[in-house]
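S.K.: First, the structure itself, so that you have it in front of you.
In our numbering, the protein residues as written are 41 to 174.
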């Protein structure tokens, strides 16, 4: 069987993730390696309020992972994911081989906050208003 690259998005229980971020997120790599998979990229996406409560939780931590895995092992991985109590929801999609490199490189880049756009200085705005008045 051929190995394919999969994109997996997980929603973790924010309370459990807050107490043990390394353990909760590390479970993904452990599960993948258990079935002969290889993690290409794995990172925090964001923490946000959920549209509706899941298992009584109103907040979730989104985690994005790219992994290489044999297709026959995907069923086993999905079963293992569903048994993990820290994972409230998950979605695993097969990635088109033509875009794997672009997606993985984008996921591994640091996502620093964008630099703020400089607002026009008040003096320049006021000078422009004075010139228009003349």
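C-beta atoms are modelled at their ideal positions from N, C-alpha and C, and glycine is treated no differently.
Owing to the predicted nature of the structure, the values given are computational and were not obtained by experimental measurement.
(1) Label residue 92 either buried or exposed according to how many other C-beta atoms from any shown protein chain fall within 10 Å of its C-beta, with 16 as the threshold for buried.
(2) Just the Cα atoms here: how many angstroms apart are residue 148 and residue 83?
(3) By how many angstroms is the C-alpha of residue 76 removed from the C-alpha of residue 57?
(4) Report the rounded CA-to-CA distance for residue 74 versus residue 117, giving the unit in angstroms.
(5) Judging by CA-CA distance, which residue of 42, 52, 95 and 119 is the nearest neighbour of residue 104?
(6) Kindly indicate which three-state DSSP category residue 81 falls into: helix, strand or coil?
(7) Tell me the residue span of the beta strand (DSSP E) that contains residue 51.
M.R.: Looking at the atomic coordinates:
(1) exposed
(2) 8 angstroms
(3) 25 angstroms
(4) 9 angstroms
(5) 52
(6) strand
(7) 43-53
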